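Visitor: Here it is, the structure, as structure tokens.
Protein chains: 2
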Amino acid sequence: MKQGLLTDRQKEVLRYRKNGLTQQQIADIIKTSKANVCTIEKAALENIARARDTLEFLYTLDATHLCTLKGGLDLLKAPEIIYTEAEKVGVKVKYDTVSLINRLRDSNPDRFRGRQVREDVEVYINEDGDLYFG
Amino acid sequence: MKQGLLTDRQKEVLRYRKNGLTQQQIADIIKTSKANVCTIEKAALENIARARDTLEFLYTLDATHLCTLKGGLDLLKAPEIIYTEAEKVGVKVKYDTVSLINRLRDSNPDRFRGRQVREDVEVYINEDGDLYFG
DNA sequence: GTGATGTTAAGGAGAAGTGTTTAAATCAAA
DNA sequence: TTTGATTTAAACACTTCTCCTTAACATCAC
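Here it is, written out as structure tokens:
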């Protein structure tokens, strides 16, 4: 099985960066353009973020499905819906209104436009009142 | 940015599996063959393993490069090399000979053939004597 | 402004991943 | 042994990723 998201190239660049080299210096070493080094580094960081996100998802498997935030919904109405649903299943949400909205928006910025939910968002909650969005 | 390694299909299958459904039952629900469900589930688990592996790599960034095991090297000679190098940098390796070899082989099975190292393997060590291979 | 650093966009070639089907193989339990 | 569950392999169309180049743009320090 292929293992690890990062390519050899990406690891190489990350190591050099960790050692404080500039993109130009790295470009000289690995014989390519600095633009390319930038691209490779960016891809590497995205891959790391994706890895984190993937493991984050595993939590939703242990959590129970709470509700679905329908596309078109006003983001500011989400907390009340979630609090109500959480109460039904007897769990206290561990986030206040503001941090709940922040968590929601941070979970996947692409799914929101201003105050509006663009696509359906599934909401999961675990025993601790932790929320996950999928 | 695309986020998460798992496709919707893969998440769907994992959720049904978590709920105890058989591959056949899932196949009926999502209207495909059970073989396909198996493939999707397997791919999902591989992706999760890859995510873990990716984050594991981050540790090597905080570690210092110890040495390179050259292709063709006898695997059984690796521990001595590593112990010697670790001593030079003043760190005690936290693995005995046997578990060191196991860790090495587990790190990436493809890189070994029997007792022989096929490709160069970079060895990293951190302050705790933990080893990472890249 | 000049130079160094970093980012972004557009495009291309090759590699890899995904979902799918079909068919065959393994495995455990009734 | 027969049945249900799971796994594997091969093949195919599609999509996405990766690395690369070139060229332009944005910061920031000197």
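In order, the protein sequence lines correspond to chains A and B.
Residues 1 to 134 in the working numbering are what the first sequence lists, from first letter to last.
Residues 1 to 134 in the working numbering are what the second sequence lists, from first letter to last.
Each residue gets a CB set at the ideal place from its N, CA and C atoms; glycine is no exception.
Since the model is a prediction, treat every value here as computed from it, not as a measurement.
1. Using 10 angstroms around the beta-carbon of Tyr59 of chain B, count the other beta-carbons present and answer buried if the total reaches 16, otherwise exposed.
2. Mind checking the region 55 to 89 of chain A against chain B and listing, in chain order, the residues whose C-beta falls within less than 9 Å of any C-beta there?
3. Taking buried to mean at least 16 other C-beta atoms within 10 Å of its own C-beta, is Gly90 of chain A buried or exposed?
4. Cutting at 7 Å between CB atoms, please list the residues of its own chain near Val13 of chain B, excluding the five before and the five after it.
5. By Cβ distance below 6 Å, which residues in the same chain neighbour Gly129 of chain B in space, the five residues on each side in sequence not counted?
6. With a threshold of 8 Å between beta carbons, is Asp53 of chain A in contact with chain B?
7. Is the region 5 to 20 of chain B touching the region 99 to 118 of chain A, taking contact as three or more C-beta pairs under 8 Å?
8. Which residue from A:Arg9, A:Asn19, A:Arg52, A:Glu46 puts its Cα closest to that of Lys31 of chain A?
9. What span of residues does the alpha helix (DSSP H) with Ser80 of chain A cover, start to end?
10. Give the interface partners of Leu21 of chain A over in chain B, defined as CB-CB distance under 8 Å, in chain order.
11. Is it a yes or a no for the region 61 to 74 of chain B touching the region 95 to 103 of chain B, going by three-plus beta-carbon pairs under 8 Å?
12. Provide the residue span of the alpha helix (DSSP H) that contains Ile101 of chain B, from first to last.
13. Candidates B:Gln23, B:Val123, B:Thr22: which alpha carbon is nearest Ala78 of chain B's?
14. For Glu85 of chain A, which residues of its own chain have a beta-carbon under 6 Å away from its beta-carbon, when the five flanking residues on both sides are left out?
15. Which residues in the same chain have their Cβ closer than 6 Å to the Cβ of Leu73 of chain A, if we skip the five residues on either side of it in sequence?
16. Could you have a look at Leu14 of chain B and say whether DSSP puts it in helix, strand or coil?
17. For the alpha helix (DSSP H) containing Leu58 of chain B, list its first residue and its last residue.
18. In whole angstroms, what separates the C-alpha of Glu127 of chain B from that of Arg50 of chain A?
19. Can you round the beta-carbon distance between Thr54 of chain B and Leu6 of chain A to whole angstroms, since I take them to be within the 8 Å contact cut?
20. Mapping DSSP to helix, strand and coil, what is Asp8 of chain A?
21. So with CB distances below 9 Å, who are the chain A contacts of Ile48 of chain B?
22. Within 10 Å of its beta-carbon, does Asn19 of chain B have 16 or more other beta-carbons around it, so buried, or fewer, so exposed?
23. Tell me which residue opens and which closes the beta strand (DSSP E) that Ile125 of chain B is part of.
24. Go ahead and pull the three-state DSSP assignment for Arg113 of chain B.
25. Work out the CA separation of Glu80 of chain A and Gln3 of chain A for me, nearest whole Å.
26. Could you check the C-alpha separation between Val121 of chain B and Leu75 of chain A for me, to the nearest Å?
27. Are the CB atoms of Lys11 of chain A and Gln23 of chain A within a distance shorter than 8 Å?
Guide: Reading it off the structure:
1. One-based indexing of the second sequence puts residue 59 of chain B at position 59. Per the 10 Å Cβ criterion, exposed.
2. Here the close residues are Leu55, Glu56, Phe57, Leu58, Thr60, Leu61, Asp62, His65.
3. To locate residue 90 of chain A, count along the first sequence from 1; it is residue 90. Result: exposed.
4. Here residue 13 of chain B corresponds to residue number 13 of the second sequence, with the count starting at 1. For Val13 of chain B, where only same-chain residues beyond five positions count, the Cβ hits under 7 Å are Ile26, Val37, Ile40, Glu41, Ala44.
5. Reading the second sequence from its first residue, position 129 is the one you call residue 129 of chain B. Excluding residues within five positions, the ones whose Cβ falls inside 6 Å are Val91, Lys92, Val93, Lys94.
6. Here the question's residue 53 of chain A lines up with position 53 in the first sequence. True, the Cβ-Cβ gap to chain B drops below 8 Å.
7. The answer is no - the region 99 to 118 of chain A does not touch the region 5 to 20 of chain B, with fewer than three Cβ pairs under 8 Å.
8. If you number the first sequence from 1, residue 31 of chain A lands on position 31. Here the closest residue by C-alpha is A:Arg9.
9. Counted from its first residue, the first sequence places residue 80 of chain A at position 80. Looking at the sequence provided, one finds Glu at residue 80 of chain A rather than Ser. Element bounds for Glu80 of chain A: 78 to 88.
10. In the first sequence, residue 21 of chain A corresponds to position 21, counting from 1. Going along chain B, no residue has its Cβ under 8 Å from Leu21 of chain A, so there is no contact; the nearest lies around 13 Å.
11. no
12. Within the second sequence, the letter at position 101 stands for residue 101 of chain B. Looking at the DSSP string, the run of the alpha helix (DSSP H) that includes Ile101 of chain B is 97 to 107.
13. Reading the second sequence from its first residue, position 78 is the one you call residue 78 of chain B. The candidate whose alpha carbon is nearest that of Ala78 of chain B is B:Val123.
14. Translated into positions along the first sequence, residue 85 of chain A becomes position 85. Cβ within range, chain order: Leu66, Cys67.
15. Translated into positions along the first sequence, residue 73 of chain A becomes position 73. Counting only Cβ-Cβ distances below 6 Å, and skipping sequence neighbours, we find Val117.
16. Working through the second sequence from its first residue, we reach residue 14 of chain B at position 14. Three-state DSSP puts Leu14 of chain B in a helix.
17. As a first step, residue 58 of chain B is located in the second sequence; it is residue number 58 there, counting from the start. Start and end: 34 to 62.
18. Walking along the second sequence from the start, residue 127 of chain B turns up at place 127. Walking along the first sequence from the start, residue 50 of chain A turns up at place 50. Going by the C-alpha atoms only, they are around 28 Å apart.
19. Residue mapping note: residue 54 of chain B aligns to position 54 of the second sequence, counting from 1. Residue mapping note: residue 6 of chain A aligns to position 6 of the first sequence, counting from 1. With 8 Å as the limit, Thr54 of chain B and Leu6 of chain A qualify as a contact, their Cβ atoms being about 6 Å apart.
20. Numbered from its first residue, the first sequence carries residue 8 of chain A at position 8. Asp8 of chain A falls in the helix class under three-state DSSP.
21. Working through the second sequence from its first residue, we reach residue 48 of chain B at position 48. Those within 9 Å of Ile48 of chain B in chain A are Thr54, Leu55, Phe57, Leu58.
22. Taking the first residue of the second sequence as position 1, residue 19 of chain B is located at position 19. Exposed, by the Cβ-count rule.
23. In the second sequence, counting from the first residue as 1, residue 125 of chain B sits at position 125. That run of the beta strand (DSSP E) goes 121 to 125.
24. The count along the second sequence starts at 1 and reaches residue 113 of chain B at position 113. Strand, per DSSP.
25. As a position in the first sequence, residue 3 of chain A is number 3, starting the count at 1. As a position in the first sequence, residue 80 of chain A is number 80, starting the count at 1. Their Cα atoms are separated by approximately 42 Å.
26. By one-based count along the second sequence, residue 121 of chain B stands at place 121. By one-based count along the first sequence, residue 75 of chain A stands at place 75. About 50 Å.
27. Indexing the first sequence from 1 puts residue 23 of chain A at position 23. Indexing the first sequence from 1 puts residue 11 of chain A at position 11. No, the Cβ-Cβ distance between Gln23 of chain A and Lys11 of chain A is not below 8 Å.
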